[in-house]
Amino acid sequence: MAVDITTDLSVVRNIGIMAHIDAGKTTTTERILFYTGINYKIGDTHEGSATMDWMEQEQERGITITSAATTCWWKKHQINIIDTPGHVDFTVEVERSLRVLDGAVAVFDGVAGVEPQSMTVWRQANKYQVPRMCFVNKLDRTGADFYRVVETIVSKLNATPLILQLPIGAEGDFEGVVDLVEMNAKVWRGETKTGEDYVVEEIPADLADKAAEYREKLVETLAEADDATMEVYLEDGDTFDVPTLKAAIRRATLAGELNPILCGTAFKNKGVQPLLDAVVDYLPSPMDIEAIVGHKPNDEEVEIKRKPSDDEPLSALAFKIATDPHLGKLIYVRVYSGKLEAGGTVLNASNGRKERIGKVYQMHANKREEIASVGAGQIVAVMGLKDTKTGHTLSDQQNPVVLESMTFPAPVIEVA
Ligand code: GDP
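Counting in this note's numbering, the sequence shown runs from 6 upward without gaps.
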C-alpha cells in the first residue's frame, strides 16, 4: 500500500557523495547502505522493516546502487543519497545533481589526495554553495598520509579544513580514529563488517599530545569562523561540551566557512559510522536551505520564490531520467515546495503541458516503496510522465514557476 511521507524536514538530509574516479565513492556508498540497512528497523522509519529480511537480501544480492537517489535511515534521520556523476564529461549532469542536493561528502584517496576531478566537482559545488565535509579514505593503503591529504585540500581546493579526527595507526596498522569533538578513540578491531562494531576507548597515550594540539586547532579554527564560539573561547577558553561544539560546527559548515574532515577506510569498514553521524550532525536539512528562486514561465525577469514548506504551491525539479528494469521510465524529482501526489495533475511549467503523475516511489538500496504523496524537501522517482525532461519544473497548475532557466548551466569554472 502506498504511504504518505510527512517527514519532519529537520531529519532529512539530501546529500551527494563526490570523488575523483577510484577514490572510493562506490565503496563508501555501499558501506553506508550496509550500515544503514542494519539500522533500518522499526522505530527508524515510518514503516519499519525487519532487520533480518534486509540482511538476507543483502547477502543474496550484495548491495548495489542502482538508482539516481537512494533513501536510507540512520539514527532516526532520513538520508537521501543523490548520485553525483564522477566523470567530468557529464558536467551538466553533475551541475544538475549538485542543485538538488543540500550537502555533500567529498571522498579523497588517502594516497593521491586531491585529484583533478575532485577539483572540478569541488568548484562546481562552490558555485552552488553546497556545504561539504571531506572523508579521507583508503588510509589502509601503503603510502597513505592523512596530514598530506589535508594539505592538498588547503593548497588545491583553497578550503578551510576543520579536522575532526586523527588517524590511529597507519597503512596496514590503521585501526581507528581519535574523535577530537568527543575526545575519545573509536577503534575497529578484528572482523568489522557488523553493526555498531567499534569500541570507544581513551585516546592512546602516544597520541595524547597530538590530540590536545589538534583539539586546540579545532576550537581556534571554529572560533574564527563562528562569532558565538569566539566569544566563549576568549572568555572561558575551551570549556565547550559536545552538543555546543557540534552546534557550532554545524553553523560554520552550513555557512560554508569551513569543511569538517573525517577519515578512515571504507573498504576495511573503518570510519563509516562516524561519517554517518557527521552527516546527521553537520550537513543541512532542506529547512536550512534558503527559498528557491525561479521565474515566471516565459519571463525570466519576474522572480518567484518558493519556501521549503508543504503549504506553498507545488514546485519540483526533474533532475534525472532513468530506466528501471521492472518499472520502465522513471523521472527523479526533487520537491522544493508543496506536495506531489500520486494520481494528481500538475503543470510542466517548462513546456506548458499538463502532466498526470503516475505512481511515486522512494527508492531504497534493496527495494522500492510506493508513496501516495510527498512533501517539500523530498526526492522521489515518478512514473507516467510523458513530456517531462530533465531540467523541467513540475508546478501547481494555478501557480506556475520555472526553477531552471533555459540557459542552465552557467558556464563551468575552468580548473586552473
Ligand atoms: P569510485 O570510482 O570512487 O567509485 O571508487 P570505488 O569505490 O569503485 O573504489 C575503487 C577501488 O579502490 C576499488 O578497487 C575498491 O575496492 C578500492 N577501495 C575503495 N576504498 C578503499 C579503501 O578504503 N582501501 C583500499 N585499500 N581500497 C579501497
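Heads up, the beta-carbon is just placed ideally off N, CA and C, and yes, glycines get one too.
The beta-carbon distance between residue 399 and residue 353, rounded to whole angstroms, is 6 Å. This is short enough to meet the 8 Å contact definition. For ligand 1, no non-hydrogen atom lies closer than 7 Å to the CB of residue 89. Straight-line measurement puts the Cα of residue 131 at about 31 Å from the Cα of residue 366. Around the Cβ of residue 160, a 10 Å sphere holds fewer than 16 other Cβ atoms; the residue is exposed. By the Cβ rule, the region 300-307 does not count as touching the region 323-338, because fewer than three pairs are nearer than 8 Å. Per the coordinates, the alpha-carbon of residue 206 lies some 23 Å from the alpha-carbon of residue 143.
In the DSSP annotation of this structure, the continuous segment of the beta strand (DSSP E) that includes residue 308 starts and ends at 304-311.
Rounded to whole angstroms, the separation of the alpha carbons of residue 172 and residue 299 is 44 Å. An exposed status is given to residue 177, since fewer than 16 other beta-carbon atoms sit within 10 Å of its beta-carbon.
Put simply, the region 284-302 does not touch the region 115-123. Fewer than three CB pairs are less than 8 Å apart. The alpha-carbon separation between residue 396 and residue 40 amounts to approximately 33 Å. Inter-residue distance for residue 26 and residue 115 is about 13 Å (C-alpha atoms, whole angstroms). Between ligand 1 and the CB of residue 31, the shortest heavy atom gap is smaller than 7 Å.
The three-state reading of DSSP puts residue 360 in strand, counting E and B together.
The Cβ atoms of residue 86 and residue 105 lie no closer than 8 Å to each other. Within the region 217-295, the beta strand (DSSP E) runs of at least 3 residues that lie entirely inside it are, in chain order, 264-268. Around residue 315, the same chain offers 344, 380 and 381 as residues with beta carbons nearer than 6 Å, after the five sequence neighbours per side are excluded. Rounded to whole angstroms, the gap between the alpha carbons of residue 404 and residue 313 is 16 Å. With a beta-carbon spacing of about 5 Å, residue 110 and residue 138 fall inside the 8 Å limit used to define contacts.
Following the DSSP letters along the chain, one finds residue 121 inside the alpha helix (DSSP H) bounded by residues 121-132. Rounded to the nearest whole angstrom, the C-alpha separation of residue 264 and residue 136 is 8 Å. Taking 8 Å as the upper bound for CB-CB distance, residue 279 and residue 259 are not in contact here, some 19 Å apart. Residues of the same chain with a CB within less than 7 Å of the CB of residue 271, apart from the 5 flanking positions on each side, are 29, 32, 33, 36, 142 and 277 in chain order.
In terms of Cβ geometry, residue 193 and residue 80 do not form a close pair [threshold 8 Å]. Beyond the five residues adjoining it in sequence on each side, residue 373 comes within less than 6 Å, by CB distance, of 366 in the same chain, given in chain order.
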